[in-house]
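Student: Under the numbering used here, the first residue of the sequence shown carries the number 5, and numbering increases by one thereafter.
Sharing a structure here in structure tokens format.
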Amino acid sequence: LLIENIDLFRTTLNKMAEKYNISIDAWVVHPDHFHLILSPAENIVDDFMHDFKLSFGSLFRIMAGSQGSCPTN
Numbered sequence: 005l006l007i008e009n010i011d012l013f014r015t016t017l018n019k020m021a022e023k024y025n026i027s028i029d030a031w032v033v034h035p036d037h038f039h040l041i042l043s044p045a046e047n048i049v050d051d052f053m054h055d056f057k058l059s060f061g062s063l064f065r066i067m068a069g070s071q072g073s074c075p076t077n
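If you want it as structure tokens, here you go:
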């Protein structure tokens, strides 16, 4: 799911990093999960991750033409 939608992942990640003033030092995407190394300006990683997952999921459902939840393995 993530690798097939890497452009959406990258766009969402960059948008959220800018919104929260977080530097993305490194990232890796696997087929079903990802890892990030972040340097936040403040202690806002929980908010950043919540917004990132919500934004990515919403945009993915729009692109997939679905209003329901994303498929899981």
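Ideal Cβ placement from N, Cα and C applies to all residues, glycine included.
Bear in mind that the values here come from a model prediction, so they are computed numbers and not experimental data.
Check D29 in the structure and name its three-state DSSP category.
Tutor: Here residue 29 refers to the residue found at position 25 of the sequence shown. Strand, per DSSP.
Student: Within 10 angstroms of the Cβ of I26, are there 16 or more other Cβ atoms? Answer buried if so, exposed if not.
Tutor: Sequence index remark: in the sequence shown, residue 26 carries index 22 (1-based). So I26 counts as buried.
Student: Could you check the C-alpha separation between A45 and A21 for me, to the nearest Å?
Tutor: For this step, residue 45 is matched to residue 41 along the sequence shown. For this step, residue 21 is matched to residue 17 along the sequence shown. Taking the straight line joining both Cα atoms gives about 11 Å.
Student: Starting from the C-beta of I28, find all residues in its chain whose C-beta is less than 7 Å away, skip the five residues before and the five after it, and write them out in chain order.
Tutor: Within the sequence shown, the letter at position 24 stands for residue 28. Excluding positions up to five away in sequence, the list reads L17, A21, L40 and L42.
Student: If you run the structure through DSSP and keep just helix, strand and coil, what is I7?
Tutor: Your numbering for residue 7 matches position 3 in the sequence shown. Correct three-state label for I7: helix.
Student: Since I66 is in the alpha helix (DSSP H), which residue starts that stretch and which ends it?
Tutor: Your numbering for residue 66 matches position 62 in the sequence shown. That run of the alpha helix (DSSP H) goes V49 to A68.
Student: Could you give the distance in angstroms between the alpha-carbon of Y24 and the alpha-carbon of F52?
Tutor: The count along the sequence shown starts at 1 and reaches residue 24 at position 20. The count along the sequence shown starts at 1 and reaches residue 52 at position 48. Those two C-alpha atoms are separated by around 7 Å.
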